[in-house]
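Position in the sequence shown (first residue = 1) + 114 = our numbering. Some notes on the structure that comes next.
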Amino acid sequence: MLSLCAVACARLDRVTGTPADDGSTERQVLVMLHLAPPHFRPDVAYGGSYDARAGGSARRRIAEAIASQYSLTITNDWPMPALGVDCFVMQVGSNASLPRLVEQLSLDPRVESAQSMNLFRVLAHNDPLYPLQPSAKL
Numbered sequence: 115m116l117s118l119c120a121v122a123c124a125r126l127d128r129v130t131g132t133p134a135d136d137g138s139t140e141r142q143v144l145v146m147l148h149l150a151p152p153h154f155r156p157d158v159a160y161g162g163s164y165d166a167r168a169g170g171s172a173r174r175r176i177a178e179a180i181a182s183q184y185s186l187t188i189t190n191d192w193p194m195p196a197l198g199v200d201c202f203v204m205q206v207g208s209n210a211s212l213p214r215l216v217e218q219l220s221l222d223p224r225v226e227s228a229q230s231m232n233l234f235r236v237l238a239h240n241d242p243l244y245p246l247q248p249s250a251k252l
């Protein structure tokens, strides 16, 4: 049992995906698509339910069509049902104007909103407001 726990912990320590500070965020845009309102789905479970994941593949196809139209590459995505959107991070080509692209995406009727990605650096424990953050109490 201990060896299983050690293997699981070792896998958690590995960093996956793109590091946050590799400069790639300078050429990325966050595109958000509307989530459809949840509908009752009797086929989801024995008792039926409202499934927030329903339609995810359709929104993925819409995001892929948008990426293709604007010469973008989808690098990451996640749902935000509390805000009613699916988020897609898209890599912008090196020759495209990022502000112009964000404006074009914002005007696309399939897109709820679009913005360029930003990288924020925090001061952690040296930040004078650090004690006010909930994570400081852990």
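Cβ atoms here follow ideal geometry from the backbone N, Cα and C, with glycine treated the same way.
Taking all protein chains shown into account, Met194 has fewer than 16 neighbouring C-beta atoms within 10 Å of its C-beta and is therefore exposed.
Straight through space, the alpha carbons of Arg141 and Ser185 are spaced by roughly 13 Å. In the three-state DSSP reduction, Pro242 falls in the coil class, being neither helix nor strand. In the DSSP assignment, Val216 falls within the alpha helix (DSSP H) that extends over Leu212 to Leu221. Here Leu219 is buried: its Cβ has 16 or more other Cβ atoms, across all protein chains shown, within 10 Å.
Only residues of its own chain outside the window of five on either side were considered, and among them Val145, Met146, Leu147, Ile180 and Leu219 have a CB closer than 8 Å to the CB of Val225, listed in chain order. When C-alpha distances from Met204 are compared across Arg174, Pro245 and Asp241, the shortest belongs to Arg174. In the three-state reduction of the DSSP assignment, Gln142 falls in the strand class, which pools E and B.
From the listed residues Phe234, Val143, Asp241 and Ser227, the smallest Cα separation to Leu197 is found for Ser227.
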